[in-house]
Every structure is written in C-alpha cells, then in structure tokens.
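Protein chains in written order, with the numbering used here: chain A, 477 to 709; chain B, 752 to 846.
To start, the structure itself, in structure tokens.
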C-alpha cells in the first residue's frame, strides 16, 4: 500500500511489475550518468581557461557524439522491446476473474467451476475498526492464488471505471460493452490495494480494491466454500 | 528469453505452480482472439456452444469446451441478457 511521502513505486509483486520496475531503475541510472556527464562538461567548459574559438571542424568528434547517443538509445530500448511482449503475455492461465465496475462498488465473479459472484463495498469511516485504512477498507476482498497466472477481465455495468492495483502493475479500464483482459502472476502472498482510476461519479473516490493473495490450496478451498454457501463477510 | 536479469528470475517463474495446476483450471487461450478486448471471444464461444448443442445434442461432450470458455469469459449479466433474448426469439445471431 502507499505510505506517507512516497516518492517511488510500490514494491512490484508480479511477474510483469518486477521486470518493469527493474527496467525503470536501470533507465534512472543511465539518465543520472548522462546528467552528471553533461553537468561536469558544462562546468569544465565554463570554469577552465580553454578556448575553443580556433576549432572549426572535427569530424571524429562529431562521429563520436553522434554514434554514442545512438548506442545508448539502442541499449535502453533492448529491455523495453522485450517488456512490450512480456506485458501482454498470458501463459496458460489457471484462474479467470471478472471485475465488474458498478456505481460505486466492484463486483467480482469467479465462474471457472460454479458461478461465484459477490460485491465489494468500501467500509464507511464510522464503521472502521482500529488500524483499518480509511478509504481503502472493504467488506469483501478479491482473492487470488500466488505463483499462478490469472486472467483479469474488467468490464462495467454502467459508466467507465478503472481497476488498478499498483503493486501488480495493472491498470485496466472497465468500459461498458468491452471486456479488457490483463494478466497477473503474483509471486508472493499478501494483501494489495488499489482504487478506482477513472472518474465515474460522485463516489468515484470511494470504491477501493483489496486483493488478498493466498496459496492455491487455500484459494480452491475458499472457492469451494463460496459456491456452496452465501458469503456473509 | 529475450530479457536476461542476471539470474535473478529463474526460468521456472514463467510457469504456473505445479500444485496449482492440479487444483485449478480455466478457459484456455483462444488464438482467434488475441487482442486485449475479449468481448468477441465471449460472444463467439456463447454462440458456438448453442450452435453445437443444437446440431449435436446436449449430451455431446465436446460442446462443453465452448461452454467452459464462455462461462469463464462472459460476465453474468451479459449471458443473462442473451439467455432472455434467446428465449424471446430476439437473439441477434443465427443458432
């Protein structure tokens, strides 16, 4: 979850978000190196007693400062090209969840074995227990297994919403009439949070997402219990 | 793989947990619908299932492949609407 004065990403816990954050960190390092190099060059030029008024042409220098940036850009694009395909990959999913946006709550459907469907409402501030985060706590959270490819299909019952969990690196618009697919393979158990990310009316800020990631055995037991009874929360 | 992470993410992280493969299964990848928008996949599998059971009968086992696909992919309120349309004879596809 986000913390006070957060400056960077939340820790990536999925196959894709870990790789994307790695690439971002690598790009930051390269950019810092270039920035430091340029600043040092500017300082050297300004502070030294060198004068460059007698240099008219230097083809070798021009070759160097043309090809080195090109090579740097090729080096930067290498992981990016790979990630472009990794992000849209969905290696044999074992779970499909439908996240249906309503005004103003999320409905989760698991229909792989039997129809299991429930709504997830935000808990109002006056009903929060001690320690529960404000504007994030929900009565029923979405559950996923870890180390398993999950297919997340988002759509909407009314207006456009957006289902996002920053720790998963997922932001998927829930558009009515459309079924947007995203893939998630969470690598560790835990609880991960998100909030609706597309303006959808008066209570847009009050429809959070809570995902509880558990082992595959626990997940299948939970599904089995749900399909045979009504979940009281 | 295209990206090397200096051994930090070994190859098996690409695959599902083997224990989970015994417990869970869902709709398979459909090469006819490779785009992000899967509404056509849901629609086509729904239509294909009912065409299949009309042609082959409800007991024909291979038709259940389409059923599993559309049940996994389609939201409940879409299939409920289409079921009502089929019963009313107003379904917008020939079954």
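A virtual CB, placed ideally from N, CA and C, is assigned to each residue, including glycine.
Can you say whether residue 825(B) is buried or exposed, counting buried as having 16 or more other CB atoms within 10 angstroms of its CB?
buried
With a cut-off of 8 angstroms on the beta carbons, I'd call residue 626(A) and residue 661(A) a contact; round off their distance for me.
7 angstroms
Spatial neighbours of residue 811(B) within its chain, please: CB distance less than 8 angstroms, with the 5 preceding and 5 following residues excluded, ordered by chain position.
803 and 804
Within 10 angstroms of its Cβ, does residue 823(B) collect 16 or more other Cβ (buried), or is it exposed?
buried
For residue 490(A) and residue 645(A), which I take to be in contact (beta-carbon distance under 8 angstroms), what is that distance rounded to the nearest angstrom?
6 angstroms
Let me check one thing: in DSSP terms, what residues is residue 574(A) bridge-paired to?
585(A) and 629(A)
Which chain B residues sit within Cβ distance under 9 angstroms of residue 572(A)?
777, 778, 823 and 824
Is any beta-carbon of chain B found at less than 9 angstroms from that of residue 625(A)?
yes
Applying the criterion that 16 or more other CB atoms from any shown protein chain within 10 Å of the CB defines a buried residue, is residue 539(A) buried or exposed?
exposed
Kindly list, in the order they appear in chain A, the residues whose Cβ is closer than 7 angstroms to that of residue 788(B).
654, 655 and 656
Contacting residues, own chain, Cβ-Cβ under 8 angstroms from residue 682(A) (five flanking each side not counted)
580, 598 and 611
Host alpha helix (DSSP H) of residue 536(A) (start-end)
535–563
Give the residues of chain B in contact with residue 593(A), contact being defined as C-beta atoms less than 8 angstroms apart.
827
In chain A, which residues lie with their C-beta within 7 angstroms of the C-beta of residue 793(B)?
655
Would you call residue 542(A) buried or exposed, if buried means 16 or more other Cβ atoms sit within 10 Å of its Cβ?
exposed
Ends of the beta strand (DSSP E) at residue 508(A)?
It is not in any beta strand (DSSP E) - residue 508(A) instead sits in the alpha helix (DSSP H) that spans 491–523.
Residue nearest to residue 567(A) in terms of C-alpha spacing, selected from 839(B), 774(B), 793(B) and 779(B)
779(B)
Residue 782(B) versus 791(B), 771(B) and 764(B), residue with shortest Cα-Cα distance:
791(B)
Euclidean distance between Cα positions of residue 487(A) and residue 643(A)
6 angstroms
Check whether the stretch 509–525 of chain A touches the stretch 689–709 of chain A, counting contact only when three or more Cβ pairs, one atom from each stretch, lie closer than 8 angstroms.
no
How about residue 667(A) and residue 651(A): do their beta carbons lie closer than 9 angstroms?
no
As an exercise, report each continuous alpha helix (DSSP H) stretch of at least 4 residues that is fully enclosed by the stretch 790–817 of chain B, in chain order.
790–807
Using 9 angstroms as the limit for Cβ to Cβ distance, is residue 767(B) near chain A?
yes
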